[in-house]
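Those letters in the sequence shown? Residues 3 to 71, by this note's numbering. In what follows, a structure is listed as structure tokens, so that the remarks can point back to it.
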Amino acid sequence: MPTELPERHCPICEKSVGDRAENRHFPFCSSRCKQEDLGHWLGGSYAMPGRPASPDEIAQELVRDHGSD
Ligand SMILES: [Zn+2]
3 MPTELPERHC
13 PICEKSVGDR
23 AENRHFPFCS
33 SRCKQEDLGH
43 WLGGSYAMPG
53 RPASPDEIAQ
63 ELVRDHGSD
């Protein structure tokens, strides 16, 4: 068996994802996919208990997530 590093794929669009050290959006390929995943969580697509998040709350999450920009 060859010893290859497992290739990472974006859980949203399944594009290959760069190394964690070089990709600030890891394990996603881009901020777009990262935000899309976050939207799934906040929107309840992953069967998260609780009420749906309002658009304002989602926006706040995105701002917090990118606060270091
Ligand atoms: Zn992606």
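Cβ coordinates follow ideal geometry from the N, Cα and C atoms, glycine included.
By DSSP, does H42 sit in helix, in strand, or in coil?
Residue mapping note: residue 42 aligns to position 40 of the sequence shown, counting from 1. Three-state result, H42: helix.
Residues bridged to S32 by DSSP?
Stepping through the sequence shown from its first residue, residue 32 is reached at position 30. According to DSSP, S32 bridges with nothing at all.
Given a cut-off of 8 angstroms, decide if F30 and R22 are closer than it, judged by their beta-carbon atoms.
Reading the sequence shown from its first residue, position 20 is the one you call residue 22. Reading the sequence shown from its first residue, position 28 is the one you call residue 30. Not in contact: R22 and F30 (Cβ atoms no closer than 8 angstroms).
Give me the Cα-Cα distance between D39 and G20, rounded to the nearest whole angstrom.
For the purposes of this step, residue 39 is identified with residue 37 of the sequence shown, where counting begins at 1. For the purposes of this step, residue 20 is identified with residue 18 of the sequence shown, where counting begins at 1. Rounded to whole angstroms, D39 to G20 spans 18 angstroms at the Cα level.
Using only the alpha-carbon positions, how far apart do G41 and E6 sit?
Stepping through the sequence shown from its first residue, residue 41 is reached at position 39. Stepping through the sequence shown from its first residue, residue 6 is reached at position 4. The straight-line gap from Cα to Cα measures roughly 33 angstroms.
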